[in-house]
Amino acid sequence: MRDRIKEIATELLITHGYRGLRFKDIADRLGTTRANIHYHFGTKKKLIEEVIDEYVDGTTRQVIDIWTDRQTSFIDKTTTMMAFNRQRYDNFNPRGKSGRPWSLISRMRLEAELLSKPSKDVLRDFSIKATDCVTAAVEHAQASGEISPDAPTQDIAVQIVAVIDSAGSITADAGSFDRLEHLYTAYIHILTHAYGGKKAVKAVAE
Numbered sequence: 177m178r179d180r181i182k183e184i185a186t187e188l189l190i191t192h193g194y195r196g197l198r199f200k201d202i203a204d205r206l207g208t209t210r211a212n213i214h215y216h217f218g219t220k221k222k223l224i225e226e227v228i229d230e231y232v233d234g235t236t237r238q239v240i241d242i243w244t245d246r247q248t249s250f251i252d253k254t255t256t257m258m259a260f261n262r263q264r265y266d267n268f269n270p271r272g273k274s275g276r277p278w279s280l281i282s283r284m285r286l287e288a289e290l291l292s293k294p295s296k297d298v299l300r301d302f303s304i305k306a307t308d309c310v311t312a313a314v315e316h317a318q319a320s321g322e323i324s325p326d327a328p329t330q331d332i333a334v335q336i337v338a339v340i341d342s343a344g345s346i347t348a349d350a351g352s353f354d355r356l357e358h359l360y361t362a363y364i365h366i367l368t369h370a371y372g373g374k375k376a377v378k379a380v381a382e
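Going by our numbering, 177 is the number at position 1 of the sequence shown; the sequence numbering is gapless.
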């Protein structure tokens with residue numbers, strides 16, 4: 177029951193936000209009572225804290241897996257990250273051309289003033305870990321010859337982390353996934369043409 181409550185709470189938080197999450201809606205979806213939701217989580221604040229913590233932890237693990245894979249090129253890591261965003265976007269925008277919220281991280285950042293300190297810390301930690309693993313990926317690409325060793329490592333990393341961090345807001349503002357896809361592909365083209373080695377140029381050509 178706890179897992180189902182969190183699953184539905186995650187969906188409702190993404191679509192309706194902090195203020196729009198109501199125990200009654202969760203209870204109705206589960207065919208149970210609000211008292212049962214309170215029994216498992218106590219307060220709305222505690223439920224949201226747990227939902228954010230688990231969602232961000234799961235997302236962080238997937239992001240780290242993408243960017244620390246030594247078997248893929250930096251370009252492939254970037255396109256895999258885009259595909260990861262696309263999959264989550266499609267879950268909430270099945271028809272493709274809409275800007276419904278799909279990222280709990282982006283949604284909760286818009287309502288940060290309502291969150292507890294632990295939840296704010298979790299969201300901040302996501303950005304730190306994303307920056308660390310992307311930076312390591314840039315360094316690996318430089319060592320392998322995919323990216324020039326003279327390229328500005330931190331600048332290259334921070335550009336794509338900004339896209340990762342803002343993905344949900346970008347699609348919401350654009351009303352589709354097209355803008356986000358353009359940002360990813362433009363980043364790849366600019367990076368490879370400005371700082372790419374032979375491996376990067378070949379990958380882009382393919």
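Each residue gets a CB set at the ideal place from its N, CA and C atoms; glycine is no exception.
Suppose the cutoff is 6 Å on Cβ atoms and the five residues either side in sequence are ignored; what does the same chain contact list for residue i look like?
| i | result |
| --- | --- |
| Thr256 | Ile242 |
| Asp341 | Ser303 |
Provide the residue span of the alpha helix (DSSP H) that contains residue i, from first to last.
| i | result |
| --- | --- |
| Gly425 | The question about residue 425 has no answer, for the chain in this structure spans 177 to 382. |
| Pro294 | Lys293 to Ser320 |
| Lys273 | Note, Lys273: premise wrong, no alpha helix (DSSP H); not H, not E. |
| Leu290 | Note, Leu290: premise wrong, no alpha helix (DSSP H); not H, not E. |
| Gln335 | Thr329 to Ala350 |
Would you say residue i and residue j are within 7 Å of each other, going by their C-beta atoms?
| i | j | result |
| --- | --- | --- |
| His214 | Arg178 | no |
| Tyr194 | Leu299 | no |
| Tyr371 | Ile336 | no |
| Thr329 | Val314 | yes |
| Ile224 | Arg283 | no |
Note down the Cα distance separating residue i from residue j, rounded to an integer number of angstroms.
| i | j | result |
| --- | --- | --- |
| Asp331 | Gln247 | 23 Å |
| Asp252 | Thr209 | 47 Å |
| Ile228 | Ala203 | 19 Å |
| Thr368 | Gln263 | 25 Å |
| Gly196 | Ala327 | 46 Å |
| Ala306 | Asn261 | 14 Å |
Can you tell me whether DSSP reads residue i as helix, strand or coil?
| i | result |
| --- | --- |
| Gly234 | helix |
| Gly372 | strand |
| Asp204 | helix |
Starting from the C-beta of residue i, find all residues in its chain whose C-beta is less than 8 Å away, skip the five residues before and the five after it, and write them out in chain order.
| i | result |
| --- | --- |
| Arg205 | Ile184 |
| Arg355 | Ile346, Thr347 and Asp349 |
Ignore the nearest five residues each way along the sequence and tell me which others in residue i's own chain have a CB closer than 7 Å to its CB.
| i | result |
| --- | --- |
| Glu230 | Lys182 |
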